[in-house]
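Student:
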Amino acid sequence: MPLITFSSPLHKDKTVYAAAGSHTQTILQIAKDNHIPIDFSCSDGECGTCLVKVKRIDPKKPPLANPLTEREIKVLKELGKITQAEIDQMMVDDIAPNEWRLACQMVVRDEDILVEYPSR
Ligand code: FES
Numbered sequence: 001m002p003l004i005t006f007s008s009p010l011h012k013d014k015t016v017y018a019a020a021g022s023h024t025q026t027i028l029q030i031a032k033d034n035h036i037p038i039d040f041s042c043s044d045g046e047c048g049t050c051l052v053k054v055k056r057i058d059p060k061k062p063p064l065a066n067p068l069t070e071r072e073i074k075v076l077k078e079l080g081k082i083t084q085a086e087i088d089q090m091m092v093d094d095i096a097p098n099e100w101r102l103a104c105q106m107v108v109r110d111e112d113i114l115v116e117y118p119s120r
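So in the UniProt record's numbering, spot 35 of the sequence shown is number 35, and the numbers just go up one at a time.
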């Protein structure tokens, strides 16, 4: 079961360590369950309000396959958080190309991660 750590410079009292209940939950669902104040609006990968940075806790371990969803690609491109070259590489190695994710779209995997919010 992955350990998700939420951290925000704006909410230093809100650093929370939460064990994800299942691998079907998005970061946003886990945040809501743990009263983490990640901003969101559409909850459907359309608006980009839930933009977060996701870092692996142990960078020595190989990253798990967890590519961006089609909606994430569209929104992150519009926000200038991902390049076409990064998207092309992701299609080859099946791994998210950088730390930017949409909390309402990213489903957690069996990997300990740090979620930084708000990220803009
Ligand atoms: Fe709109 Fe996540 S809440 S993209």
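Cβ coordinates follow ideal geometry from the N, Cα and C atoms, glycine included.
1. Could you have a look at residue 53 and say whether DSSP puts it in helix, strand or coil?
2. Spatial neighbours of residue 67 within its chain, please: CB distance less than 7 Å, with the 5 preceding and 5 following residues excluded, ordered by chain position.
3. Who are the near neighbours of residue 63 in its chain, counting only those whose CB is closer than 7 Å to its CB and skipping five residues on each side?
4. From the DSSP output, in three-state form, read off residue 70 for me.
5. Report the partner residues of residue 101 according to the DSSP bridge assignment.
6. Taking 6 Å as the cut-off, is the C-beta of residue 6 nearer than that to any heavy atom in ligand 1?
7. What is the DSSP secondary structure of residue 75, reduced to helix, strand or coil?
Tutor: Concretely, from the data shown:
1. strand
2. 90, 94, 95, 96
3. 56, 95
4. helix
5. 52
6. no
7. helix
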